[in-house]
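K.L.:
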Amino acid sequence: MVNMAGIKTHKYKGSKKSKKSWRKHTDIADVEEHLDNVRREERTGGLLENKSDESIFFHDKVIKGVPDRSGVKKKVAENDEEEDDDEETYVSQKERQKRKQDIEAKKEEEQAKKERNKQIHSIWGQEKLTVVDAYIEPAIKKAKIKPKTVGKGKADIKAVLTPEPGTSYNPDYDSHQNLLKKAYDAQMKKMIEEQKLNDKVKMVSVDELKKQTKLWLKEMSEGLNFHKSEDNDDHLDDSSNQGTIKLSSKKRVKTSKMRKREKLNKIEDRKKIEMKVAKVIMNDVFRIKTLKKEIREEEKKIAERMKQKSEKMLQTATRTKRLSKYKFEDPEIAFNLSEELAPTLREMKPDGNLLIDNFKSLQRRNIIEPRKPVVPKRRSKRKIYTKKSYLTPTIKDINLNN
0 MVNMAGIKTH KYKGSKKSKK SWRKHTDIAD VEEHLDNVRR EERTGGLLEN KSDESIFFHD
60 KVIKGVPDRS GVKKKVAEND EEEDDDEETY VSQKERQKRK QDIEAKKEEE QAKKERNKQI
120 HSIWGQEKLT VVDAYIEPAI KKAKIKPKTV GKGKADIKAV LTPEPGTSYN PDYDSHQNLL
180 KKAYDAQMKK MIEEQKLNDK VKMVSVDELK KQTKLWLKEM SEGLNFHKSE DNDDHLDDSS
240 NQGTIKLSSK KRVKTSKMRK REKLNKIEDR KKIEMKVAKV IMNDVFRIKT LKKEIREEEK
300 KIAERMKQKS EKMLQTATRT KRLSKYKFED PEIAFNLSEE LAPTLREMKP DGNLLIDNFK
360 SLQRRNIIEP RKPVVPKRRS KRKIYTKKSY LTPTIKDINL NN
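In numbering that gives the first Met the number 0, the protein residues as written are 0 to 401.
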């Protein structure tokens, strides 16, 4: 056994071969402490070594009465280390806001407490309250506040349009004929559009298609020679080769004389342009009358354009907008033929539909979008059946049954 108590141990000082090892293994704690003390003295009024005795000490010749401070509580001496902390402790904005809210909440609570204490009074000294219309107040309906978007985009059109004079139960001849003419024109317009669509999708026979293809091929091959022999092609190639001219690939080098001439030409062109601009400016001085006339004409054009713009805005205010994929269509004109006009109200037959008229009025005024009745689609069900081969027993099934 080796006696470890007898072995002397010493602190490892480390190598001091280089400056790096000197910095690593040298203890400089006492030097740093001394420097900290020096800095503290400099902050608190300067080094004591540099100060004179008169500035540090003073000779009190007059003896003053010492006041009795037995009743005053003694303050705890502040730690010297606190003087070193020049920087204030950082408080985040969130923390400051929270502290502020806590203080405000505390103040509000104290104020509410004071108000509650004020309201305490004797209930015996109160006057008797008379109940008047106890059941009327809940029954009254309060008006609902409309949102700001109500009525926006609504067209400035009357809900019920003024009917045509010819739609009266006892119209005069001219107004009734005008109504019939309008109905006829609307119907003819529809028929023409239908005819156009039918012409576009008209069925074509097979013979007609063959004729059209032949004619198209003839028109497209016009000017192309398919029946010429190969000899003619070779002859054309030879003649084309003979007619070609070989161009020299050598670049033309500019001389200093040519460059100088080009430079002078550019300067002259620039001078000509400047003189032309100056001439135009000088002529503008003598064209004051014509310029004034042009300005007046331009102002007239602007006024006309503004007038057209205001008219267009008025038209858009009374125009039905496109609010859905369907375009608004005016309802069909309700009319009676001359022989259908009744002499009395009792014999007259009603035309049109009030519900459809109101619905179309809402669409015309941009309150609802144009719609079409949704027709339910007939969906065919898939027919399911089992194959006979699937139902026939197999060897596996026979073995399982046995």
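Ideal Cβ positions, reconstructed from N, Cα and C, are used throughout, including at glycine. In this text the structure is predicted, and so the values were computed from the model without any measurement.
1. Between Ala142 and Glu108, what straight-line distance do the alpha-carbon atoms span, to the nearest angstrom?
2. For Pro392, which residues in the same chain have their Cβ closer than 7 Å to its Cβ, ignoring the five residues on either side in sequence?
3. Could you give the distance in angstroms between the alpha-carbon of Ser228 and the alpha-carbon of Leu214?
4. Assign Gly165 to buried or exposed, taking buried as 16 or more other Cβ atoms, counted over all protein chains shown, within 10 Å of its Cβ.
5. Once the 5 residues before and after Gln362 are set aside, which same chain residues still bring their CB inside 6 Å of it?
6. Exposed or buried, what is His33 when buried is set at 16 or more other beta-carbons lying within 10 Å of its beta-carbon?
7. How long is the line joining the alpha carbons of Ser14 and Glu31, rounded to whole angstroms?
8. Answer with buried or exposed for Leu178, where buried requires no fewer than 16 other C-beta atoms within 10 angstroms of its C-beta.
9. Helix, strand or coil for Gly45, going by three-state DSSP, please let me know.
10. Quick one: grab the DSSP three-state call for Phe57.
11. Between the Cα of Lys148 and the Cα atoms of Ile366, Lys270, Val203, which residue gives the shortest distance?
12. Give the DSSP-derived three-state secondary structure of Ser228 in the structure shown.
13. Give the C-beta separation of Val37 and Leu46 to the nearest angstrom, bearing in mind that I take them to be a contact with Cβ-Cβ under 8 Å.
14. Pull up the distance between the alpha-carbon of Arg269 and that of Met281, whole angstroms please.
15. Three Cβ pairs or more, each shorter than 8 Å: is that satisfied between the region 179-193 and the region 339-350?
16. Tell me whether His58 is buried or exposed, calling it buried when 16 or more other Cβ atoms sit within 10 Å of its Cβ.
17. Go through its chain and collect everything with a Cβ distance to Ser174's Cβ below 8 Å, but skip five positions before and after it.
18. Indicate whether Ala185 and Ile332 have their beta-carbon atoms separated by less than 8 Å.
19. How is Leu290 classed by DSSP in three states: helix, strand or coil?
20. With the cut-off set at 8 Å, would you say Pro375 and Asp356 are in Cβ contact?
21. Where does the unbroken alpha helix (DSSP H) through Glu267 begin, and where does it stop?
22. Thinking C-alpha only, which one of Ile272, Met202, Phe358, Pro372 is nearest Val406?
23. Can you give me the Cβ contacts of Arg318 inside the same chain, cut-off strictly under 8 Å, excluding the 5 residues immediately before and after it?
24. When you compare only the Cα positions, how much space is there between Arg295 and Lys308?
25. Measuring alpha carbon to alpha carbon, tell me which of Arg364, Lys210, Lys371, Asp52 ends up nearest Thr315.
26. How long is the line joining the alpha carbons of Asp101 and Lys112, rounded to whole angstroms?
27. Terminal residues of the continuous alpha helix (DSSP H) containing Leu390?
28. Note down the Cα distance separating Lys292 from Val284, rounded to an integer number of angstroms.
29. How is the alpha helix (DSSP H) around Asp356 delimited, first residue to last?
30. Looking only at its chain, what residues have a beta carbon closer than 6 Å to the beta carbon of Gln110, apart from the 5 residues adjacent to it on each side?
31. Assign Pro164 to one of three DSSP states: helix, strand, or coil.
32. Identify whether Glu346 lies in helix, strand or coil by the three-state DSSP scheme.
33. Identify whether Ala104 lies in helix, strand or coil by the three-state DSSP scheme.
P.N.:
Quick answer:
1. Numbered from its first residue, the sequence shown carries residue 142 at position 143. Numbered from its first residue, the sequence shown carries residue 108 at position 109. About 37 Å.
2. Counting from one through the sequence shown, the residue named residue 392 turns up at place 393. Excluding positions up to five away in sequence, the list is empty.
3. In the sequence shown, the residue the question calls residue 228 occupies position 229. In the sequence shown, the residue the question calls residue 214 occupies position 215. For Ser228, the predicted structure reports a pLDDT of 49, less than 50, and the residue's modelled location is therefore unreliable. A value from the coordinates is still provided. Going from the Cα of Ser228 to the Cα of Leu214 covers about 26 Å.
4. Here residue 165 refers to the residue found at position 166 when the sequence shown is read from its first residue. Answer is buried; the Cβ neighbour count reaches 16.
5. Taking the sequence shown and counting its residues from 1, the one referred to as residue 362 is at position 363. Phe327, Pro369.
6. By 1-based counting over the sequence shown, the position of residue 33 is 34. Exposed, because fewer than 16 other Cβ atoms sit within 10 Å of the Cβ of His33.
7. Locating residue 14 in the sequence shown gives position 15, counting from the first residue. Locating residue 31 in the sequence shown gives position 32, counting from the first residue. Ser14 and Glu31: Cα-Cα distance of roughly 22 Å.
8. Mapped onto the sequence shown, residue 178 falls at position 179. Leu178 comes out buried.
9. Numbered from its first residue, the sequence shown carries residue 45 at position 46. Looking at Gly45 - three-state DSSP - the assignment turns out to be coil, as it is neither helix nor strand.
10. Position 58 of the sequence shown, counted from the first residue, corresponds to residue 57. Of the three classes helix, strand and coil, the one that applies to Phe57 here is coil, per DSSP.
11. Here residue 148 refers to the residue found at position 149 when the sequence shown is read from its first residue. The amino acid occupying residue 148 in the given sequence is Thr; Lys does not appear at that position. Nearest C-alpha to Thr148: Ile366.
12. As a working note, residue 228 is residue 229 in the sequence shown. Caution is warranted here: a pLDDT of 49 is assigned to Ser228, below 50, making its placement in the model unreliable, and no coordinate value can be reported.
13. Taking the first residue of the sequence shown as position 1, residue 37 is located at position 38. Taking the first residue of the sequence shown as position 1, residue 46 is located at position 47. So it is a contact: roughly 7 Å between Cβ atoms.
14. Along the sequence shown, one-based indexing puts residue 269 at 270. Along the sequence shown, one-based indexing puts residue 281 at 282. The alpha-carbon atoms of Arg269 and Met281 are separated by roughly 19 Å.
15. no
16. Within the sequence shown, numbered from 1, the residue matching residue 58 stands at position 59. Counting Cβ neighbours within 10 Å, His58 comes out exposed, since fewer than 16 surround it.
17. Here the question's residue 174 lines up with position 175 in the sequence shown. Answer for Ser174: Glu163, Pro164, Gly165, Ser167, listed in chain order.
18. For this step, residue 185 is matched to residue 186 along the sequence shown. For this step, residue 332 is matched to residue 333 along the sequence shown. Cβ distance < 8 Å, so Ala185 and Ile332 count as in contact.
19. Here residue 290 corresponds to residue number 291 of the sequence shown, with the count starting at 1. It is helical.
20. Here residue 375 corresponds to residue number 376 of the sequence shown, with the count starting at 1. Here residue 356 corresponds to residue number 357 of the sequence shown, with the count starting at 1. No; because the gap between Cβ atoms is not below 8 Å, this pair is not in contact.
21. Within the sequence shown, numbered from 1, the residue matching residue 267 stands at position 268. Where Glu267 is concerned, the enclosing alpha helix (DSSP H) stretches over 255-284.
22. What the structure shows of the chain is the stretch from 0 to 401, and residue 406 is not part of that stretch, so it cannot be assessed.
23. Taking the first residue of the sequence shown as position 1, residue 318 is located at position 319. Closer than 8 Å at Cβ, skipping near neighbours: Ala154.
24. Taking the sequence shown and counting its residues from 1, the one referred to as residue 295 is at position 296. Taking the sequence shown and counting its residues from 1, the one referred to as residue 308 is at position 309. Going from the Cα of Arg295 to the Cα of Lys308 covers about 20 Å.
25. As a working mapping, residue 315 is identified with position 316 in the sequence shown. Nearest option by C-alpha distance: Arg364.
26. Here residue 101 refers to the residue found at position 102 of the sequence shown. Here residue 112 refers to the residue found at position 113 of the sequence shown. Using only the alpha carbons, I get a separation of about 16 Å.
27. Taking the first residue of the sequence shown as position 1, residue 390 is located at position 391. Here the alpha helix (DSSP H) through Leu390 covers 387-390.
28. For this step, residue 292 is matched to residue 293 along the sequence shown. For this step, residue 284 is matched to residue 285 along the sequence shown. Going by the C-alpha atoms only, they are around 14 Å apart.
29. Here residue 356 is taken as the residue at index 357 of the sequence shown, counted from 1. That run of the alpha helix (DSSP H) goes 353-363.
30. In the sequence shown, counting from the first residue as 1, residue 110 sits at position 111. For Gln110, where only same-chain residues beyond five positions count, there are no Cβ hits under 6 Å.
31. Along the sequence shown, one-based indexing puts residue 164 at 165. In this structure, Pro164 counts as helix in the three-state DSSP scheme.
32. In the sequence shown, counting from the first residue as 1, residue 346 sits at position 347. It is coil, neither helix nor strand.
33. Numbered from 1 along the sequence shown, position 105 holds the residue referred to as residue 104. The answer is helix: DSSP assigns Ala104 an H, G or I state.
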